[in-house]
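J.: With my numbering applied, the sequence shown covers 71 to 165.
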Amino acid sequence: MDFLNIKEQIKKKGYTYEGFGIEVGMSRGSINRIIIGSQTPSFEMLGKFADTLGIEVMDLFKPVRGDKSPKEIIDTIRGEMDNLEALCDTLAKTR
């Protein structure tokens, strides 16, 4: 699970693996297996992790390009889609 940022988020919030596991209802071993990539968390579990850490689910993932977070990339894509939609509307009016 090299794309997950869970270890960093747990540390950032000051949890131990055991303490975090107690908060989310998992064993320390299960948390460790998720962090090292030998166990895959469910979408439900990712939501529970994010809620416990007080972050968005997207913050559990490492940036995929440069310094941009997944949220920043998605926001950029949404902005570009809005621009394309406006362009299509403009073109449709000129026909």
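C-beta atoms are modelled at their ideal positions from N, C-alpha and C, and glycine is treated no differently.
Out of 75, 146, 105, 73, point me to the one whose CA is closest to residue 88's CA.
T.: Counted from its first residue, the sequence shown places residue 88 at position 18. The shortest Cα separation from residue 88 among 75, 146, 105, 73 belongs to 105.
J.: What residue ranges within the region 93-163 form continuous alpha helix (DSSP H) runs of no fewer than 4 residues, ordered along the chain?
T.: 98-106, 113-123, 140-163
J.: If you draw a straight line from the alpha carbon of residue 99 to that of residue 155, how long is it in whole angstroms?
T.: Counting from 1 along the sequence shown, the entry for residue 99 is found at position 29. Counting from 1 along the sequence shown, the entry for residue 155 is found at position 85. If you take the alpha carbons of residue 99 and residue 155, they lie about 48 Å apart.
J.: Short check: CB of residue 73 to CB of residue 122, under 9 Å?
T.: The sequence position of residue 73 within the sequence shown is 3, counting from 1. The sequence position of residue 122 within the sequence shown is 52, counting from 1. Contact: no.
J.: For residue 117, which residues from the same chain have a beta carbon less than 8 Å from its beta carbon, with the 5 sequence-adjacent residues on both sides left out?
T.: For the purposes of this step, residue 117 is taken as residue 47 along the sequence shown, with counting starting at 1. The answer, listed in chain order, is 127.
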